[in-house]
Amino acid sequence: GPYSLSFFYTGLSRPRDGFPSFQATAYLNDQDFFHYDSEDRKAIPRYPWSQMEGIEDWEKESELQKAREDIFMVTLKDIMDYYKDKEGSHTFQGMFGCELQSNKSSGAFWRYAYDGRNFIEFNKEIPAWVPQDPAALNTKQKWEAEEVYVLRAKAYLEEECPAMLRGYLQYGKTYLDRQDPPSLSITSHGTPGETQTLKCRADGFYPREIELHWIQGDDTQETESRGDVLPSGNSTYQSWVVLSVSPQGRASDSYSCRVTHSSLAQPLTVLW
Numbered sequence: 001g002p003y004s005l006s007f008f009y010t011g012l013s014r015p016r017d018g019f020p021s022f023q024a025t026a027y028l029n030d031q032d033f034f035h036y037d038s039e040d041r042k043a044i045p046r047y048p049w050s051q052m053e054g055i056e057d058w059e060k061e062s063e064l065q066k067a068r069e070d071i072f073m074v075t076l077k078d079i080m081d082y083y084k085d086k087e088g089s090h091t092f093q094g095m096f097g098c099e100l101q102s103n104k105s106s107g108a109f110w111r112y113a114y115d116g117r118n119f120i121e122f123n124k125e126i127p128a129w130v131p132q133d134p135a136a137l138n139t140k141q142k143w144e145a146e147e148v149y150v151l152r153a154k155a156y157l158e159e160e161c162p163a164m165l166r167g168y169l170q171y172g173k174t175y176l177d178r179q180d181p182p183s184l185s186i187t188s189h190g191t192p193g194e195t196q197t198l199k200c201r202a203d204g205f206y207p208r209e210i211e212l213h214w215i216q217g218d219d220t221q222e223t224e225s226r227g228d229v230l231p232s233g234n235s236t237y238q239s240w241v242v243l244s245v246s247p248q249g250r251a252s253d254s255y256s257c258r259v260t261h262s263s264l265a266q267p268l269t270v271l272w
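Counting along the sequence shown from 1, when you hit position 57 you're at 57 in full-length UniProt numbering, and nothing is skipped either side.
Take a look at the structure:
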């Protein structure tokens, strides 16, 4: 499958107490890689990357993030100046990254938003910064003041970022390729003789893609509500699916929950 390295930046003009004015999080695929903020000013790797000796020079990474923080916060100030808004509370967000498929660069993105609206985006084919907000024309002029700036951004997305990702994969590919099977549990709510709610829950699975269904007799049930696939907080995911069963249905049919996941050789079915 594809592998990705992505960065998410947030800058706040007036952070609430206890919130840093700037924070950056890096991800390998959907897994937290490292975190940096304006309070600590250190790139701090998350587990298990923190245990992988040599995956990154974290002091060098911290210096790079400090430099990016400075540019990022200057841009936020420029936008507020453009809108003559010195006092308000504003948010500037950036996201950029790249993807590898079969070890070849297969995609990249770099874009920014101001107060939740699209602001500017890099088009690496032109290459140029494409403004999506009046204030972004100023930003474009600044970021394209010299041709080398634009070529550098293109080279970052097409060469530097994929090269970094290849390096990280030498350490972390096994972890990202791991297959953690779901554990299934069924609970029922409601009193016998009335409509009962059956909940089937899948826990502890990775990767994220999963299919979860109720089967009544031999038929897959469409009248079900399902939960989102959510992180469990330990680098795995959880999800659930619910079905309402009438007393008549209970008497005449069997109910089972079926899960399909890449970690399982065949779908797993648990009978209620």
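From the three backbone atoms N, C-alpha and C, an ideal C-beta is built for every residue, glycine too.
| Item | Value |
| --- | --- |
| Which residues share a DSSP beta bridge with Lys140? | DSSP, once it has assigned bridges, lists no residue as partnering Lys140. |
| So what does DSSP say about residue 299, is it helix, strand or coil? | Any question about residue 299 goes unanswered here, given that the chain covers just 1 to 272. |
| If you draw a straight line from the alpha carbon of Phe225 to that of Ala153, how long is it in whole angstroms? | According to the sequence as given, residue 225 is Ser; it is not Phe. Going by the C-alpha atoms only, they are around 45 Å apart. |
| Applying the criterion that 16 or more other CB atoms from any shown protein chain within 10 Å of the CB defines a buried residue, is Pro207 buried or exposed? | buried |
| If you measure between the beta carbons of Gly107 and Thr91, is that distance less than 9 Å? | no |
| Is the distance from the Cβ of Ser244 to the Cβ of Asp228 below 9 Å? | no |
| Roughly how many whole angstroms lie between the Cα atoms of Tyr156 and Phe8? | 16 Å |
| For the stretch 43–114, list the beta strand (DSSP E) runs that are entirely contained and at least 3 residues long, ordered along the chain. | 91–101 and 104–114 |
| In terms of alpha-carbon separation, which member of Glu211, Ile186 and Pro192 lies closest to Lys199? | Ile186 |
| What are the boundary residues of the alpha helix (DSSP H) that includes Glu170? | One detail in the question is off: residue 170 reads as Gln in this sequence, not Glu. Gln170 -> alpha helix (DSSP H) spans Cys161 to Leu176. |
| Taking just the CA atoms, how far does Val74 sit from Glu39? | 17 Å |
| Report the three-state DSSP secondary structure of Lys124 (helix, strand or coil). | coil |
| Using a Cβ-Cβ cut-off of 9 Å, state whether Ala67 counts as contacting chain C. | This model lacks chain C altogether, as it is built from one protein chain only. |
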